[in-house]
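Colleague: Handing you a structure now.
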Amino acid sequence: MTRKIASIKKILNVSPIPDADSIELATIDGWQSVIKKGQFKPGDQVIFCEPDALLPDKPEFEFMRPKKFRIKTCRLRGALSQGICFPMDLLPTGSYDLGEDVSEILGITKYEPPIPMQLRGRVRCATNRLAVPKTDEIRVQNIPGVLSRHANKVFNITEKIDGTSMSVYLDPETGLHVCSRNIDLAPDHDHKFNGTAYWDYCIQHDMEDVLKTLGGTISLQGELFGEGIQGNKYKLKGLHYRVYNFWDMTNHCYLEQEVMKDTVEAFGLGQDFLVPQLGQITLNHSVSDLLSMATGKSTISDVLREGLVFRSIPEQTDFEIGRLSFKAISPEFLLKHGE
């Protein structure tokens, strides 16, 4: 399911904010967003821009200039507000469907933080999606229907790490491949250090040998974090990597969570090879419940964790989002780090 940073949504509910005379709280899917009092009512269609939407420099968005046109999580009069609701008249005259992506029409893009030098690299080739499917978990606020459809199913819980996505795999002809979220990164000759954190980590930690140990047909997907990455919120020395997916390149499928754990143990890859495993739940929770659950201390260091990832046991798909897997980002984490 592709993220729609600005789309047509319906106001589900409007509720008062204690001691606030001029603002109230709107519910949109699983999101809550502060609006002007009387601006919208339940049933109204709006343009909803999610957190991390980057608005264009246009007169209608001038009020966002002090925030550099980026929408962030905030609190207003004590109420958590995520995203902004805009009236439909910002769009050209026409008919728009509920859920329709209007980002391109309005010139709205997703904010992407500047890429530090140590994460930049030359493109080797277009990423082979059979070898490394693109990793992109959907936020729980966007899928309240999924929660109700899959109630009472069992989900595995892992800690979501604030870093950068890195996938690695072996090709029989071209050897080790190291990929960021979107590109296959080129090594220097003979796989020597090339100044990018991705390749440097893989050389230092013999990732080619790790992949050979796993039979050469498994692609690893995980999070690279530590010094020089996302402000190093974990205050760690050096670079670290935790795996969250084993992708079977032969059968084009993800391995089950228990198979991953058993494989790591069988090959002696160490307890820190996978992302932190936090147990299981039987899903019977609201969006609000899962966001509350997401807030807590990281198991990696003594800091606030970014959030949680929930994945069905066994692996399943949903007609709306595909793989039955989603994330809950801690609002307190977003507020603390100005995101």
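Residue numbers for the sequence shown, in this note's numbering: 368 to 706.
Glycine included, each C-beta is placed from N, C-alpha and C at the ideal position.
Quick check on Asp567: does DSSP put it in helix, strand or coil?
Modeller: helix
Colleague: Is the CB-CB distance between Val642 and Glu526 below 8 Å?
Modeller: yes
Colleague: Pull up the distance between the alpha-carbon of Ile328 and that of Glu687, whole angstroms please.
Modeller: The structure shown has nothing for residue 328, since the chain only spans 368 to 706.
Colleague: How is Met533 classed by DSSP in three states: helix, strand or coil?
Modeller: Correct three-state label for Met533: strand.
Colleague: Expressed to the nearest angstrom, what Euclidean distance is found between the alpha-carbon atoms of Gly705 and Ile402?
Modeller: 20 Å
Colleague: For Glu479, which of Val535, Pro454 and Leu421 has the nearest alpha-carbon?
Modeller: Leu421
Colleague: How is the alpha helix (DSSP H) around Ala498 delimited, first residue to last?
Modeller: No alpha helix (DSSP H) holds Ala498; DSSP gives it neither H nor E.
Colleague: When burial is assigned at 16 or more other CB atoms within 10 Å of the CB, is Glu540 buried or exposed?
Modeller: exposed
Colleague: Between Ile680 and Asn523, which are expected to be in contact by the criterion C-beta below 8 Å, what is the C-beta distance as a whole number of angstroms?
Modeller: 5 Å
Colleague: Beta strand (DSSP E) containing Leu658: first to last residue?
Modeller: Taken as a continuous stretch (DSSP letters only), Leu658 belongs to no beta strand (DSSP E), being part of the alpha helix (DSSP H) at Val654 to Ala661.
Colleague: Which value, in whole angstroms, describes the spacing of the CA atoms of Pro426 and Val413?
Modeller: Straight across, the Cα-Cα distance linking Pro426 with Val413 is about 19 Å.
Colleague: What residue does the alpha helix (DSSP H) around Lys579 start on, and which one ends it?
Modeller: Met574 to Thr580
Colleague: Alpha carbons only, please: which of Leu587, Leu552, Ile475 and Gly646 is nearest the one belonging to Thr630?
Modeller: Leu587
Colleague: Taking the alpha-carbon positions, what's the Asp464 to Ala553 distance?
Modeller: Ala553 has its alpha-carbon roughly 42 Å from the corresponding atom of Asp464.
Colleague: Leu701: which of Thr440, Lys664 and Leu581 sits nearest, CA to CA?
Modeller: Thr440
Colleague: If you drop the 5 nearest sequence neighbours on each side, which residues of the same chain put their C-beta closer than 6 Å to that of Ala498?
Modeller: Tyr536, Ser586 and Met616
Colleague: Identify which residue in Thr476, Leu658 and Trp566 has its Cα closest to the Cα of Ile372.
Modeller: Thr476
Colleague: Distance, Cα to Cα, Gly445 vs Gly583?
Modeller: 52 Å
Colleague: Considering only residues of the same chain and omitting the five flanking positions on each side of Ile596, which have a CB-CB separation below 6 Å?
Modeller: Gly530 and Thr531
Colleague: Can you list, in chain order, the residues of its chain with a C-beta nearer than 8 Å to that of Lys628? Leave out the 5 residues immediately preceding and following it.
Modeller: Leu641 and Gln644
Colleague: Considering only their Cβ atoms, is the gap separating Ala661 from Gly674 smaller than 8 Å?
Modeller: Closer than 8 Å, so yes.
Colleague: So who's on the other strand from Gln597, going by DSSP bridges?
Modeller: For Gln597, which the question treats as bridged, DSSP gives no partner whatsoever.
Colleague: Cys416 and Ile451 look like a contact to me (Cβ under 8 Å); what is the Cβ gap, rounded to whole Å?
Modeller: Distance from Cys416 to Ile451 at the Cβ level is roughly 5 Å; contact confirmed, criterion being Cβ atoms closer than 8 Å.
Colleague: How about Thr580 and Phe613: do their beta carbons lie closer than 8 Å?
Modeller: No, the pair does not count as a contact, with Cβ atoms beyond the cut-off.
Colleague: When burial is assigned at 16 or more other CB atoms within 10 Å of the CB, is Phe462 buried or exposed?
Modeller: Checking the sequence shown, residue 462 turns out to be Ser, not Phe. The residue is exposed, with fewer than 16 neighbouring Cβ atoms inside 10 Å.
Colleague: Can you give the Cα-Cα distance for Arg516 and Thr666, rounded to whole angstroms?
Modeller: 31 Å
Colleague: Have a look at Phe407 and Asp396 and give me their C-alpha separation to the nearest angstrom.
Modeller: 15 Å
Colleague: Measure the alpha-carbon distance for Ala387 versus Pro409 and round it to whole angstroms.
Modeller: 19 Å
Colleague: Let's see if you can read the secondary structure: which residues bound the alpha helix (DSSP H) around Tyr399?
Modeller: Rather than Tyr, the amino acid found at residue 399 in this sequence is Gln. Element bounds for Gln399: not the alpha helix (DSSP H) but the beta strand (DSSP E), Trp398 to Lys403.
Colleague: Considering Ala373, what are the terminal residues of the beta strand (DSSP E) in which it resides?
Modeller: Ala373 to Lys377
Colleague: Just verifying my parser: in three-state terms, what is the DSSP assignment at Val381?
Modeller: strand
Colleague: In terms of residues, what are the limits of the alpha helix (DSSP H) holding Ser470?
Modeller: Ser470 to Leu473
Colleague: On the DSSP bridge list, what partners appear for Thr649?
Modeller: Val521
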